[in-house]
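Contents: one structure, followed by commentary.
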Amino acid sequence: MTAFRITAIPTEVVESVRATLRAPGYGFPAHSEPATDAAPCRHCLRNIEPGKSSRILFTYDRFRGVESLPQPGPVYIHAESCPRYEENGGFPEELRNSPRTLEAYGRGRRLIAQEYVADGKYEPAIEKLFADSKVDYVQVNSTTAGCFTFRIDRPTNGTAPAGTP
Ligand SMILES: [Zn+2]
Numbered sequence: 000m001t002a003f004r005i006t007a008i009p010t011e012v013v014e015s016v017r018a019t020l021r022a023p024g025y026g027f028p029a030h031s032e033p034a035t036d037a038a039p040c041r042h043c044l045r046n047i048e049p050g051k052s053s054r055i056l057f058t059y060d061r062f063r064g065v066e067s068l069p070q071p072g073p074v075y076i077h078a079e080s081c082p083r084y085e086e087n088g089g090f091p092e093e094l095r096n097s098p099r100t101l102e103a104y105g106r107g108r109r110l111i112a113q114e115y116v117a118d119g120k121y122e123p124a125i126e127k128l129f130a131d132s133k134v135d136y137v138q139v140n141s142t143t144a145g146c147f148t149f150r151i152d153r154p155t156n157g158t159a160p161a162g163t164p
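The opening residue of the sequence shown carries number 0 in numbering that gives the first Met the number 0; numbering runs sequentially from there.
And the structure:
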């Protein structure tokens, strides 16, 4: 049992983008194309395979749903239907081997700390960030491209789930 929740882009947002090819909240055109290099889908958190899958590039506010201050940026999703990554699935294994930046925020979009992880050892870094009670959530971004990948939240009740040793 992990002590954190993986929060991928919500399914209703992804389905809306696929249906309309418009960015949620912005209306900017979204772009659909065959995948030409490996990039993670922000819904299933698996790589979009070049030569096999198509992807949609759209503008997404990485603070959507948690803050009133937006910060839009480009993200990819599978053009085809895919399952949303399980919140209790732990750190996504397909993303473990790529360098990611963990940004720890307090409500009000206050950046409190960040960690650069390049050796795949994400769990200790996440635990270290959440050990600070001022940290409400952690954003995971690509270190090399800078793009938002997903968010990590504390467990729903703010502590370990009941019954967890
Ligand atoms: Zn996907």
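We put the CB at the ideal spot given by N, CA and C, even for glycine.
Please read these numbers as outputs of a predicted model, since none were measured by experiment.
How many Å lie between Leu101 and Pro123 at the Cα? Looking up residue 101 in the sequence shown gives position 102. Looking up residue 123 in the sequence shown gives position 124. For Leu101 and Pro123, the distance between alpha carbons rounds to 12 Å.
Among all residues, which have a Cβ less than 5 Å from at least one non-hydrogen atom of ligand 1, and in what chain order do they fall? Cys40, His42, Cys43, His77, Cys81
Check whether the Cβ atoms of His42 and Ala7 lie closer than 8 Å to each other. Numbered from its first residue, the sequence shown carries residue 42 at position 43. Numbered from its first residue, the sequence shown carries residue 7 at position 8. For His42 and Ala7, yes; Cβs fall inside 8 Å.
Check whether Ile5 and Phe147 have beta carbons under 8 Å apart: The residue you call residue 5 lines up with position 6 of the sequence shown. The residue you call residue 147 lines up with position 148 of the sequence shown. No.
Can the beta-carbon of Thr142 be found closer than 8 Å to that of Pro98? By 1-based counting over the sequence shown, the position of residue 142 is 143. By 1-based counting over the sequence shown, the position of residue 98 is 99. Against a cut-off of 8 Å, the Cβ pair of Pro98 and Thr142 comes out as a contact.
Exposed or buried, what is Tyr115 when buried is set at 16 or more other beta-carbons lying within 10 Å of its beta-carbon? Counting from one through the sequence shown, the residue named residue 115 turns up at place 116. With fewer than 16 Cβ atoms within 10 Å of its Cβ, Tyr115 is classed as exposed.
With a threshold of 16 other CB atoms inside 10 Å of the CB of Asn46, please say whether the residue is buried or exposed. Within the sequence shown, residue 46 is the residue found at index 47, counting from 1. So Asn46 ends up on the buried side.
To which residues of the same chain is Ser15 closer than 7 Å at the C-beta, ignoring the five residues directly before and after it? Locating residue 15 in the sequence shown gives position 16, counting from the first residue. Counting only Cβ-Cβ distances below 7 Å, and skipping sequence neighbours, we find Pro23.
Going by beta-carbon coordinates alone, are Asp60 and Ala103 separated by less than 8 Å? The count along the sequence shown starts at 1 and reaches residue 60 at position 61. The count along the sequence shown starts at 1 and reaches residue 103 at position 104. Cβ atoms of Asp60 and Ala103: not closer than 8 Å.
Give every residue of the same chain whose Cβ lies closer than 7 Å to the Cβ of Leu110, excluding the five residues on either side of it in the sequence, and list them in chain order. On the sequence shown, residue 110 is found 111 positions in, with the first residue counted as 1. These residues qualify, in order along the chain: Glu102, Tyr104.
Whole angstroms are fine: how far does the CA of Val137 sit from the CA of Thr163? On the sequence shown, position 164 is the one that residue 163 refers to. On the sequence shown, position 138 is the one that residue 137 refers to. Only weak support exists for where Thr163 lies, its pLDDT of 44 falling under 50; the coordinates are left without a value.
Residue environment, Ala168, which counts as buried when at least 16 other CB atoms sit within 10 Å: Beyond the ends of the chain as shown, which are 0 and 164, falls residue 168; an answer cannot be given.
Bridge partners for Gly105 per DSSP, in chain order? Counting from one through the sequence shown, the residue named residue 105 turns up at place 106. Answer is Arg109, bridged to Gly105.
Cβ neighbour criterion (16 or more within 10 Å) applied to Ala117: Translated into positions along the sequence shown, residue 117 becomes position 118. Exposed, because fewer than 16 other Cβ atoms sit within 10 Å of the Cβ of Ala117.
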